[in-house]
Amino acid sequence: EVFEKSNYGEKRQVSSEKEVEHTAYHEAGHAMIELFYGRAPEYMSVVARSNFGGYVEPEKMKEHPTKERLLQRICTYMGGRAAELEFGYGLTWGAAGDLKAATKLAVQLVCELGMYEEEIGLMVISEEEYKTNEKAKMLVNKILSQQLAQARQIIRENKEATVRLVKAVLCNEQKYLTK
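Each number in the numbering used here comes from the position in the sequence shown (counting from 1) with 22 added on.
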């Protein structure tokens with residue numbers, strides 16, 4: 023409780039058990055992507071705090087992550103939206119923070135880290151240049167779309183495991199799971 027409160031803020035009231043269940047599917051989506059790639063999340067909670075309904079703390083990245091590992095992290099960010107879509111919740115505002123984080127990382131891959139040399143070149147693209155660089159923006163959007171599609175496929179192929187994870191967190195009195 024102290025860890026959660028200091029890192030994520032005070033608990034807040036949720037409107038219904040249905041909202042908690044929806045959050046559990048969203049967060050389980052993130053966790054399932056991490057598990058698919060062979061990493062156990064540090065923490066998963068469906069306790070509503072501050073301005074979010076729950077959260078997953080993914081395994082820490084090593085010092086020099088590869089392009090593949092960074093794309094997997096974007097896929098993890100997209101896991102919540104993927105689970106919402108695959109379990110019939112549709113598009114919701116719940117993925118807003120995840121989309122910001124995924125977009126930021128995709129922009130870094132394209133504009134700062136030189137990981138799309140064939141598509142855009144090695145030159146670093148500044149924030150100001152990015153605003154008018156349609157090719158870079160299209161590539162970032164393509165990365166996000168591809169990773170969402172990948173996340174949806176992973177969730178579809180692991181639906182039963184996702185349901186088990188949701189049940190586990192909802193049955194836990196504190197509404198969280200740790201590594």
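Where is the CB? At the ideal position from N, CA and C, for every residue including glycine.
Note that this is a predicted model, so its numbers are computed, not measured.
Backbone secondary structure at residue i - three-state DSSP
{"i": "T200", "result": "strand"}
{"i": "E149", "result": "helix"}
{"i": "Y65", "result": "strand"}
{"i": "E79", "result": "strand"}
{"i": "L113", "result": "coil"}
{"i": "T184", "result": "helix"}
{"i": "K159", "result": "helix"}
{"i": "H86", "result": "coil"}
{"i": "A70", "result": "coil"}
{"i": "S167", "result": "helix"}
{"i": "Y59", "result": "coil"}
{"i": "G143", "result": "coil"}
{"i": "M137", "result": "coil"}
C-alpha distance - residue i paired with residue j, whole-angstrom precision
{"i": "H48", "j": "I55", "result": "11 Å"}
{"i": "V191", "j": "K84", "result": "28 Å"}
{"i": "F25", "j": "I142", "result": "Residue placement at F25 is poorly supported in this model, since its pLDDT is 49, which falls under 50; the coordinates still yield a value, given next. Cα to Cα, the separation comes out at about 42 Å."}
{"i": "A6", "j": "K82", "result": "Because residue 6 is not part of the residues shown, which for the chain are 23 to 201, the question remains open."}
{"i": "V129", "j": "V162", "result": "6 Å"}
{"i": "E64", "j": "T200", "result": "6 Å"}
{"i": "L131", "j": "Y138", "result": "7 Å"}
Supposed close pair residue i, residue j - CB separation, criterion 8 Å
{"i": "A124", "j": "Y99", "result": "4 Å"}
{"i": "V78", "j": "K197", "result": "At roughly 13 Å, the Cβ-Cβ gap does not stay under 8 Å, so V78 and K197 are not in contact."}
Any non-hydrogen atom of the ligand COA within 8 Å of residue i CB
{"i": "Q172", "result": "Here there are no bound small molecules, and the ligand COA is not part of this structure."}
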